[in-house]
Amino acid sequence: MLVRGTTRIFGIFGDPVAHSLSPLMQNEAFSCAGIDGIYVPFHVAPAALEQGVASLRALKIAGVNVTIPHKEAVCQYLDFVDPEARLIGAVNTIVNRDGLLCGYNTDGKGLLRSLAEDLEFAPRGKRILLLGAGGACRAALVALARGGAAWIGIANRTPARAAALVEEFHISLGGTALASFSLAAEDLSSLAEIDLLVNTSALGLKGESFPEIPWSSFNPGARVYDMVYTRSGTPLLHAARDRGYAAADGLGMLAGQGEESFALWTGTAPPSGVMKGRLLAEFSER
Numbered sequence: 002m003l004v005r006g007t008t009r010i011f012g013i014f015g016d017p018v019a020h021s022l023s024p025l026m027q028n029e030a031f032s033c034a035g036i037d038g039i040y041v042p043f044h045v046a047p048a049a050l051e052q053g054v055a056s057l058r059a060l061k062i063a064g065v066n067v068t069i070p071h072k073e074a075v076c077q078y079l080d081f082v083d084p085e086a087r088l089i090g091a092v093n094t095i096v097n098r099d100g101l102l103c104g105y106n107t108d109g110k111g112l113l114r115s116l117a118e119d120l121e122f123a124p125r126g127k128r129i130l131l132l133g134a135g136g137a138c139r140a141a142l143v144a145l146a147r148g149g150a151a152w153i154g155i156a157n158r159t160p161a162r163a164a165a166l167v168e169e170f171h172i173s174l175g176g177t178a179l180a181s182f183s184l185a186a187e188d189l190s191s192l193a194e195i196d197l198l199v200n201t202s203a204l205g206l207k208g209e210s211f212p213e214i215p216w217s218s219f220n221p222g223a224r225v226y227d228m229v230y231t232r233s234g235t236p237l238l239h240a241a242r243d244r245g246y247a248a249a250d251g252l253g254m255l256a257g258q259g260e261e262s263f264a265l266w267t268g269t270a271p272p273s274g275v276m277k278g279r280l281l282a283e284f285s286e287r
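Listed below in structure tokens is the structure:
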């Protein structure tokens, strides 16, 4: 990689950020596309977030991704927030347009890309159950509802958080029926005809299993998607595949949201499959 005075700088803000795989896949895409750009990680503590955002203007950094724990807090420091990102309440991509900082959320589009490519699944008319009720759930909920899902249930360990999301979005996402549940077996037993299960929580990252999964409520051709990704696969993926369901992890979503960010920064789509291919190669090398 040759860095010149003309090289455009991109990056990612996070705390922590050293573990991020985004530099690998974005730099691979810049190289394959012949774009004079470099993508680097920036460790930005919460107390320094405002200064970090201001530095984008001062240093003429072309754009950054934003990851945990800054996705919600960063909105207040931007000049413009895309309506969908405002609805979600979080930004994961900032574009510096001649000093005007514009915020977007590409997580939902990344999920839809991965569902289509990895599971041949489209949400229109389908019944979907989301596990978790945090920021990732919000992005998934908006994307799937706007993709035409007929019904979306949200199940969370703290039922009040799931209920709060239903209350918040039932009008803005009025074309999709919403419901909330706890993760207790007696609460999930009322479910039926589930076409897609999505884990939006971090559960499974350290090998944990969900206490109750309503497998008997799934349609025969149902799909399972786990936003968590590990080299050996998560317990949820193994359980789904053992029961004959098609399942995929969040590596495709990571690549998909990265492709959307790349397009916002450069005005062009990255070479097809390059980001995901680089991620898969990294996992196979570990």
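Using the working numbering, you'd call the opening residue of the sequence shown number 2 and step up by one each time.
The beta carbon of each residue, even a glycine, is placed where N, CA and C say it ideally should be.
As the structure is a computational prediction, the values presented were derived from the model and not from experiment.
Inset, instruction - Starting from the C-beta of glutamate 261, find all residues in its chain whose C-beta is less than 7 Å away, skip the five residues before and the five after it, and write them out in chain order. - result: As a first step, residue 261 is located in the sequence shown; it is residue number 260 there, counting from the start. Excluding positions up to five away in sequence, the list reads Thr107, Lys110, Gly111.
Legend entry - valine 92 (DSSP reduced to helix, strand or coil): Looking up residue 92 in the sequence shown gives position 91. Coil at valine 92, not helix or strand.
Inset, instruction - Could you tell me the boundaries of the beta strand (DSSP E) in which proline 221 lies? - result: Here the question's residue 221 lines up with position 220 in the sequence shown. Here the beta strand (DSSP E) through proline 221 covers 219–227.
Inset, instruction - Return the bridge partner residues of cysteine 103 from the DSSP annotation. - result: On the sequence shown, residue 103 is found 102 positions in, with the first residue counted as 1. Cysteine 103 pairs with Phe81, Val96.
Inset, instruction - Just the C-alpha distance for tyrosine 246 and arginine 224, rounded to the nearest angstrom, thanks. - result: For the purposes of this step, residue 246 is identified with residue 245 of the sequence shown, where counting begins at 1. For the purposes of this step, residue 224 is identified with residue 223 of the sequence shown, where counting begins at 1. Computed Cα separation, rounded: 6 Å.
Legend entry - Length of the line joining the Cα atoms of proline 124 and proline 24: Position 123 of the sequence shown, counting from 1, holds the residue named residue 124. Position 23 of the sequence shown, counting from 1, holds the residue named residue 24. Spanning the two alpha carbons is a distance of roughly 30 Å.
Inset, instruction - Can you tell me which of the three DSSP states alanine 186 falls into? - result: Looking up residue 186 in the sequence shown gives position 185. The answer is helix: DSSP assigns alanine 186 an H, G or I state.
Inset, instruction - Count the CB pairs spanning the region 78–98 and the region 182–191 that are closer than 8 Å, and state whether there are at least three. - result: no
Inset, instruction - Look at the alpha carbon of valine 54 and the alpha carbon of tyrosine 78, and state the distance between them as a whole number of angstroms. - result: Position 53 of the sequence shown, counted from the start, is the residue given in the question as residue 54. Position 77 of the sequence shown, counted from the start, is the residue given in the question as residue 78. Near 7 Å, if we compare the C-alpha coordinates of tyrosine 78 and valine 54.
Legend entry - For phenylalanine 122, three-class secondary structure by DSSP: Numbered from 1 along the sequence shown, position 121 holds the residue referred to as residue 122. In the structure shown, phenylalanine 122 sits in coil (DSSP, three-state: anything other than H, G, I, E or B).
Inset, instruction - Pick helix, strand or coil for leucine 22, following the three-state DSSP scheme. - result: One-based indexing of the sequence shown puts residue 22 at position 21. Looking at leucine 22 - three-state DSSP - the assignment turns out to be coil, as it is neither helix nor strand.
Inset, instruction - Under the assumption that tyrosine 230 contacts aspartate 250 (Cβ atoms under 8 Å), give the Cβ distance between them as a whole number of angstroms. - result: Residue numbering aside, residue 230 sits at position 229 when the sequence shown is read from its first letter. Residue numbering aside, residue 250 sits at position 249 when the sequence shown is read from its first letter. That belief holds up - the Cβ atoms of tyrosine 230 and aspartate 250 are roughly 4 Å apart, short of 8 Å.
Inset, instruction - Give the secondary structure of alanine 141 by DSSP, where H, G and I count as helix, E and B as strand, and everything else as coil. - result: Looking up residue 141 in the sequence shown gives position 140. Three-state result, alanine 141: helix.
Legend entry - At least 3 beta-carbon pairs within less than 8 Å: the region 69–88 vs the region 29–38: no
Inset, instruction - Would you identify the three-state DSSP class for leucine 174, choosing helix, strand or coil? - result: Translated into the one-based positions of the sequence shown, residue 174 becomes position 173. Coil at leucine 174, not helix or strand.
Legend entry - Pair within 8 Å by beta-carbon distance, leucine 166 and arginine 139: For the purposes of this step, residue 166 is taken as the residue at position 165 of the sequence shown. For the purposes of this step, residue 139 is taken as the residue at position 138 of the sequence shown. In contact: leucine 166 and arginine 139 (Cβ atoms closer than 8 Å).
Inset, instruction - Please state whether DSSP places proline 42 in a helix, a strand or coil. - result: By 1-based counting over the sequence shown, the position of residue 42 is 41. Here proline 42 sits in strand by DSSP.
Inset, instruction - Name the two residues that bound the continuous beta strand (DSSP E) containing glutamate 57. - result: Taking the sequence shown and counting its residues from 1, one reaches residue 57 at position 56. Rather than glutamate, the amino acid found at residue 57 in this sequence is leucine. Unbroken run through leucine 57 is the alpha helix (DSSP H), 50–59; no beta strand (DSSP E).
Inset, instruction - Would you kindly work out how many angstroms separate the C-alpha atoms of asparagine 66 and proline 221, rounded to a whole number? - result: By 1-based counting over the sequence shown, the position of residue 66 is 65. By 1-based counting over the sequence shown, the position of residue 221 is 220. Rounded to the nearest angstrom, the two C-alpha atoms are 38 Å apart.
Legend entry - Which residues DSSP lists as bridging valine 67, in chain order: Numbered from 1 along the sequence shown, position 66 holds the residue referred to as residue 67. Valine 67 is bridged to Phe14.
Inset, instruction - Answer with buried or exposed for lysine 61, where buried requires no fewer than 16 other C-beta atoms within 10 angstroms of its C-beta. - result: For the purposes of this step, residue 61 is identified with residue 60 of the sequence shown, where counting begins at 1. Counting Cβ neighbours within 10 Å, lysine 61 comes out exposed, since fewer than 16 surround it.
Inset, instruction - Note down the Cα distance separating glycine 253 from lysine 277, rounded to an integer number of angstroms. - result: Translated into positions along the sequence shown, residue 253 becomes position 252. Translated into positions along the sequence shown, residue 277 becomes position 276. For glycine 253 and lysine 277, the distance between alpha carbons rounds to 6 Å.
Inset, instruction - Go through its chain and collect everything with a Cβ distance to phenylalanine 31's Cβ below 6 Å, but skip five positions before and after it. - result: Your numbering for residue 31 matches position 30 in the sequence shown. Excluding positions up to five away in sequence, the list reads Gly38.
Legend entry - Sub-8 Å separation of leucine 116 and leucine 57 beta-carbons: Within the sequence shown, numbered from 1, the residue matching residue 116 stands at position 115. Within the sequence shown, numbered from 1, the residue matching residue 57 stands at position 56. It is not a contact, given that the beta carbons lie outside the stated cut-off.
Inset, instruction - Please name the residue in Ser202, Phe170, Leu204 whose C-alpha comes closest to that of tryptophan 152. - result: Counted from its first residue, the sequence shown places residue 152 at position 151. Closest by alpha carbon: Phe170.
Legend entry - Of the listed residues Ser21, Ser181, Gly176, nearest to isoleucine 69 (C-alpha basis): As a position in the sequence shown, residue 69 is number 68, starting the count at 1. Out of Ser21, Ser181, Gly176, Ser21 has the C-alpha closest to the C-alpha of isoleucine 69.
Legend entry - For isoleucine 129, the residue or residues it bridges with in DSSP: By one-based count along the sequence shown, residue 129 stands at place 128. Ile153, Leu197, per the DSSP bridge assignment.
Inset, instruction - Count the other CB atoms, across all protein chains shown, that sit within 10 Å of the CB of alanine 150; report buried if there are 16 or more and exposed otherwise. - result: What you label residue 150 is simply residue 149 of the sequence shown in a count that begins at 1. Buried is the call here.
Inset, instruction - Apply the 10 Å Cβ neighbour rule to isoleucine 172 and answer buried if 16 or more other Cβ atoms are within range, or exposed otherwise. - result: In the sequence shown, counting from the first residue as 1, residue 172 sits at position 171. So isoleucine 172 ends up on the exposed side.
Inset, instruction - Note the first and the last residue of the continuous alpha helix (DSSP H) segment covering aspartate 250. - result: In the sequence shown, the residue the question calls residue 250 occupies position 249. Premise fails: aspartate 250 lies in the beta strand (DSSP E), 247–250, not in any alpha helix (DSSP H).
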